[in-house]
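Residue numbering for the sequence shown follows this note's numbering, starting at 173 and increasing by one per position. We put the CB at the ideal spot given by N, CA and C, even for glycine.
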Amino acid sequence: MNISKTMFKNFARCRNFVSYYDLYINRFLHEVKEIDGTPVITEELLKEMKDIPEGMFDESQERLNEFFKGMFDEETGADLTIITNAQMEAFKLIFTEVERLAAEYISKLFNHEVIASENTYEQKKYEFENFGHQFYCYLDIYFEDQDSIKIFEVKSTTSKKYDDFKITLEGEEFPLFLKNRDNIYEYVGDELIGTVAGKKVITQKMVEKKHDALFNKFSKVGKYIYDLAVEKYIVENSRINANDEFKDVEYYLVVLNSEYHFSGRYDENGKPIYDLDENGNALFKIYDLSDIVEEYFFKIDDECNRILENLKYLTINTHMLGECCEYKKTTQCKFCNICMKKVLRDGSILEFMKKNYAFSEETPDGKRDRLTVYELINRRYYTIDQCRDFLTKNDNIMQYECYVNNKVYIDKERIKLALKEIRYPIFHLDFESYNCPLPRFKGERPYEQSLFQYSLHVENRPGECDLVANHYEFLAKDHHDRRLELTEQLIHDIDLKNGGCVMVYNKSFEKTRLHELAAFFPKYKKELDNINEHVFDLLEVLNGSSALYDDILNTKLKEEQKKKEAIAEKLGVKPKKAAKKASKKVLPLFTNLTYKNLVVKNGTEAIVTYGSLPYLTQKEYDEKYLALRVYCRQDTWAMVEILRGLREAVKNEN
C-alpha cells in the first residue's frame, strides 16, 4: 500500500481508521476480520470453521452493510465520507498563494534558491518501504547547501498560538519561543528554568508541563509539530535506506505572522505587496523545530509499528471515540459519522452545554472523578436522558429535567429584569466579515475579520418595527476597500443623540469590530466608541450572564438565584431538543421564521458568496448580491422576533 504523510496521520488516529479504510477502498473484497469481537465471515474463516454459530453470518453482514451505508449512498453510490468545508474551499487559491509567498520569502531570507511548486508532484519527494508498504511525503519548500538540508512546512495558520505559548508568573509573561536570528524562532523552555519573577521561580515542572503540550498531536499548538515530525520520520528513513546521512537536516514550520499589518501598497496589477510593515514585521514567522521533532522520532516509530500491525490484522471496535475523532473540526475523521451513528440524534449527549465539564462519577472514597463525554459514549451512554447519575452542575441537571419532562424553562423574573434595562430606540445590529488568510486592505492582519456588510433594524418602541420600512443596511459591491463607506453609513444610521441601545447577539464580535474600525479611522473614533458603549447583548439575556445580572442587581447573585440561571439552553431547552447558542437555534422557540428557504443560509455561506462576487456574470452577481442582503436582514429581524417572544413570555407576570 502507498501511505502518504496525510494517510499516515489518519491511520495513526485509531485502529478503526485502517479497517474502515479497507472497507471503503475494497468494498466487498475487504479483509476486515472482526467487529466488536464478532468474527466477520470470510472465505478464509469458512475454511477454518466446521460449525458456524447460528446467526453469526447474518449479524456480521448486517453490521458491514450499516458501515457501507455510512460510506456510500445506496441509490446513487455517492461518497458520503467526503467532508467539505465551504470556507476552506473558498480560500483554496489563497492558501496556494501563501505557499508561493513563503517560498519567495525563504529564498530571500536564506539567499538561496529553493525547490517549491504549486504542483505537488513537482515538489521534492522522499519515500521508503517498510514490510511491503511505501511511505512517502512531498515537501512544501526544500533546499540543500554545503552543510545541511533545510525543509520548510508551510501552514496557512497564524503564529498567535505560538506567540501565546508562555509561562505566566507573578504577572510576567515568559514566551517559550524566542527569535534568535532573522525572524526565526526557537524553543527556549529549558533556558527559563530558574528564572525569577517577583518572589517566585520558574521550575522544571512548569516547563515540563508546557513542553508536554507540544506533543499533543490534536492540540492547536501540537498538531503542526506532529505533522512536521511525521515528515521527518519519512525523510530520515528514506535517507537511511538511500545511505544519504552525511548532512544534517533542519526542520522548520512557516506560518503567517499574527503581528503583521499590511502597509496598503499594491503593484501595478493591484496585487498587495507584502513588504515589511511599519514595525519591521514580516508576513511570515519561521519556527526552527529541529530539536523538538527529533524528540518525536521514536513516538512516530511506535505509531508506524502500530499501523503495520493494524494493517496486518484488521478489526473494528465501534467504541473508541475520543479526541482522535476531531469531531466538528476541519480535520474531523472522515469515518467519524459511522462511529458516532448512535450518538448523532435528537437529544444526543453531545447537546449538553459545557459538556467538557458536565460529567463526573462517584469514587469509592466518596469523591467525584471527572469524565469526558467520549468516555460516557464509549460506555454506551448516548442520550441526555441516560446521564442523570453523572450530573452535578445545576445547568446540566436543569437541561436533563427539561428534556425528560418535555418542558421549556424560562426564568421570567430574570428576563423581566433584563428587559427593563433596554433603552429605546433599539438598533438591532449584525455584521458580516471576510476573514481572508492574507490581509487585503491597509492596517489589516492575516485572517482579519474584514467587515463588508451590516444589517440594522430600528425598533422605536416595544414591538414597533417593520421588516422593510425600519431596515437599514450596507453591503460592499465589490472587493475594493469599502470600510470607510461602511463606517460613515453606520454612524449615520445609528443615531444615538436621543439615547437608545445597540442590540447585538454575542457582543464580543461586534464590539471587537467596532474597536478595529475606530483604530482604522481615528477621525470617527468618538462616534464608534459611543456606539460601542451602547451595545446591549441579547445573548446575555438568554444565557443569564452573571456580568449582566450582577450589574443590574449591583450585587453578587445569591446561591438560590444561581440555580435559576437562564441560559439559551435553559430558556430554553426546547421540547426533546437542547437549543444552541446561535440565534438560528433559539429562534424556533418564538417564531416560525426560518433560514431554510434562503439562498444564503448561514455565515459561512455569506463568506463564500461574498468571496465569489468578482468572478460572477452580471446575472449571477445580481442574484448573489440580493441573497446576501436578504440573509443579513434576516439576522437582525431574528433578534426583533426573539425580543418580541421574550416580552410575550413575561407579559402576564406581575
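Residue from 350, 312, 694 and 205 whose Cα sits closest to the Cα of residue 828: Nothing about residue 828 can be read from this structure; the chain reaches only from 173 to 826.
Inter-residue CB distance, residue 531 and residue 556 (contact presumed, cutoff 8 Å): 12 Å between Cβ atoms; not a contact.
Whole-angstrom C-beta distance between residue 465 and residue 397, which should lie under 8 Å: 7 Å
Neighbourhood of residue 438 by C-beta distance below 8 Å, restricted to the same chain and skipping five residues each side: 444 and 445
Residue 333 beta carbon less than 8 Å from that of residue 270: no
Neighbourhood of residue 186 by C-beta, 6 Å cutoff - its chain only, sequence neighbours within 5 removed: 492 and 496
Residues sharing a beta bridge with residue 322, DSSP: 315 and 422
Given 8 Å, three or more beta-carbon pairs between the stretch 477-487 and the stretch 185-204: yes
Three-pair Cβ contact test at 8 Å for the stretch 774-789 versus the stretch 603-617: yes
Buried or exposed by the 16-neighbour rule on C-beta atoms within 10 Å, applied to residue 657: exposed
Cβ shell of residue 498 (< 7 Å), same chain only, five flanking positions each side left out: 390, 504 and 505
Boundaries of the alpha helix (DSSP H) in which residue 790 is found, first to last residue: 790-822
Completely contained alpha helix (DSSP H) runs for the stretch 373-436, where each covers 4 or more residues: 376-385 and 394-413
DSSP beta-bridge partners of residue 174: 306
Residue nearest to residue 319 in terms of C-alpha spacing, selected from 421, 243, 294 and 272: 421
Proximity of residue 647 and residue 678 at Cβ, strictly below 8 Å: no
Chain-order list of residues whose beta-carbon lies under 7 Å from that of residue 693 (same chain, five-residue window excluded): 656 and 659
Alpha carbon of residue 667 to alpha carbon of residue 674, nearest angstrom: 10 Å
Inter-residue Cα distance where the pair is residue 803 and residue 771: 8 Å
Beta-bridge partners of residue 487, as assigned by DSSP: 206
Cα-Cα separation, residue 234 to residue 251: 20 Å
Contact the stretch 236-246 vs the stretch 510-518: 3+ CB pairs below 8 Å: yes
Spatial distance of residue 569 from residue 637 (CA atoms): 38 Å
Where residue 602 falls: helix, strand or coil (DSSP): strand
Nearest to residue 471 (by Cα), restricted to the options 515, 538, 408 and 401: 401
Short Cβ contact (8 Å threshold) for residue 613 with residue 343: no
Close beta carbons around residue 752, own chain, < 6 Å, minus the five adjacent residues each side: The predicted position of residue 752 is uncertain, since its pLDDT is 43 and thus under 50; a value taken from the coordinates is nonetheless stated next. Cβ neighbours of residue 752 beyond the five flanking positions: none.
Nearest to residue 358 (by Cα), restricted to the options 248, 291, 459 and 279: 459
Cutoff 7 Å; reference residue 194; Cβ partners in own chain excluding five residues on either side: 202, 203, 204 and 486
Expected contact under 8 Å - CB spacing of residue 628 and residue 601 to nearest Å: 6 Å
Spatial neighbours of residue 516 in its chain, beta-carbon cut-off 8 Å, leaving aside the 5 residues before and after: 509 and 522
Local Cβ density within 10 Å of residue 783, reported as buried at 16 or more and exposed below that: buried
Beta-bridge partners of residue 255, as assigned by DSSP: According to DSSP, which records beta bridges pairwise, residue 255 is partnered with nothing at all.
Beta-carbon spacing of residue 298, residue 426 below 8 Å: no
Extent of the continuous beta strand (DSSP E) to which residue 541 belongs: 540-543
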